[in-house]
Amino acid sequence: MAEITPYAPPNTPLRVVHRDHHLLVVDKPAGLLSVPGKGARLADCLLSRVQAAFPEALLVHRLDRDTSGVIVFALTREAQRHLGLQFERRHTKKVYVARVWGRLEPKEGVVDLPLAVDWPNRPRQKVDHERGRPATTKWRVVRHEDEATRVRLYPVTGRSHQLRVHMLSLGHPILGDPLYAEGPARQAPRLMLHAESLRIRHPDGGRGMTFSAPCPF
Numbered sequence: 000m001a002e003i004t005p006y007a008p009p010n011t012p013l014r015v016v017h018r019d020h021h022l023l024v025v026d027k028p029a030g031l032l033s034v035p036g037k038g039a040r041l042a043d044c045l046l047s048r049v050q051a052a053f054p055e056a057l058l059v060h061r062l063d064r065d066t067s068g069v070i071v072f073a074l075t076r077e078a079q080r081h082l083g084l085q086f087e088r089r090h091t092k093k094v095y096v097a098r099v100w101g102r103l104e105p106k107e108g109v110v111d112l113p114l115a116v117d118w119p120n121r122p123r124q125k126v127d128h129e130r131g132r133p134a135t136t137k138w139r140v141v142r143h144e145d146e147a148t149r150v151r152l153y154p155v156t157g158r159s160h161q162l163r164v165h166m167l168s169l170g171h172p173i174l175g176d177p178l179y180a181e182g183p184a185r186q187a188p189r190l191m192l193h194a195e196s197l198r199i200r201h202p203d204g205g206r207g208m209t210f211s212a213p214c215p216f
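Under numbering that gives the first Met the number 0, think of the first position of the sequence shown as 0, with each following residue one higher.
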């Protein structure tokens with residue numbers, strides 16, 4: 000199995016972006032699991048913190064432990080079903096900000112590579128043209144920085160570690176990635192990946208709504 004950094008979740012207050020009778024949108028900090036892992040030491044997670052404040056909150060989707068940003072919870076069973084179908088049918092629109100190693104060129108592109116679990120090194124994922132599930136990511140350069148590039152990522156699918164593996168496949172791993180970056184690219188204070196915005200249709204009436212959280216890096 001791949002080496003995983005020790006779990007030290009940040010002690011930060013819950014940041015609520017939006018709340019109504021069906022939805023709760025929060026800004027997840029980096030370093031916090033979305034759902035509990037196995038064992039008492041991995042019990043602290045965003046879901047448990049949210050449910051401590053909003054006991055009716057229900058899980059809809061997840062973000063990786065080291066990814067920050069917008070995540071939505073349902074406050075009713077009806078909303079959970081409605082939102083779940085939106086994610087399943089790819090009716091949501093997600094935008095991420097990342098800093099990747101090196102100078103990424105050209106200005107924009109698409110990665111269309113199937114992904115599968117790298118079993119000997121799990122939880123790592125890998126490109127697998129035989130057994131992998133289809134995965135597509137669109138990307139656009141925001142600006143070039145010293146030895147890095149700031150990009151916006153637009154996932155079409157939602158595979159585990161998709162953005163991280165797709166950027167690695169281009170030769171530009173996301174800075175600070177404990178699983179996929181090596182050498183200087185790994186020397187960052189956190190995984191430089193942030194879920195900047197999420198667009199969904201509201202479960203009550205279907206109105207399109209976009210929720211955003213400012214990038215912390």
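Virtual Cβ for every residue (Gly too), placed ideally from N, Cα, C.
Cβ-based burial, residue i [other Cβ within 10 Å; buried from 16]
i	result
histidine 110	Per the sequence presented here, residue 110 reads as valine, with histidine not at that position. With 16 or more other Cβ atoms within 10 Å, it is buried.
alanine 51	exposed
proline 183	exposed
proline 188	exposed
arginine 48	buried
alanine 147	buried
aspartate 63	buried
proline 154	buried
arginine 130	exposed
Cβ pair residue i, residue j closer than 8 Å
i	j	result
arginine 200	glutamine 85	yes
leucine 41	alanine 73	no
leucine 45	leucine 31	yes
proline 172	valine 99	yes
isoleucine 70	histidine 81	no
valine 16	alanine 212	yes
leucine 58	valine 34	yes
histidine 160	threonine 136	no
Helix, strand or coil at residue i according to DSSP, with G and I counted as helix
i	result
alanine 187	coil
glycine 108	strand
glycine 182	helix
threonine 91	coil
leucine 192	strand
Neighbourhood of residue i by C-beta distance below 7 Å, restricted to the same chain and skipping five residues each side
i	result
glycine 108	Trp138
glutamate 77	Pro202
aspartate 117	Arg123, Gln124 and Lys125
valine 140	Leu103, Lys106, Glu107, Thr148 and Val150
glycine 175	Arg185, Ala187, Pro188, Arg189, Leu190 and Met191
8 Å Cβ shell around residue i - same chain, five flanking residues per side excluded
i	result
glutamate 87	none
aspartate 127	Pro113, Leu114 and Ala115
Residues near residue i by beta carbon distance below 6 Å, same chain, minus five either side
i	result
tyrosine 179	Arg163, Leu167 and Pro172
aspartate 26	Arg14, Val16 and Ala212
leucine 197	Val69, Lys93 and Phe210
Completely contained beta strand (DSSP E) runs for the segment 1 to 87, where each covers 3 or more residues: You should have 15 to 18, 22 to 27 and 67 to 73.
Contiguous beta strand (DSSP E) assignments of at least 3 residues, all confined to the segment 113 to 178: Whole beta strand (DSSP E) segments, 3+ residues: 114 to 116, 124 to 126, 135 to 144 and 147 to 154.
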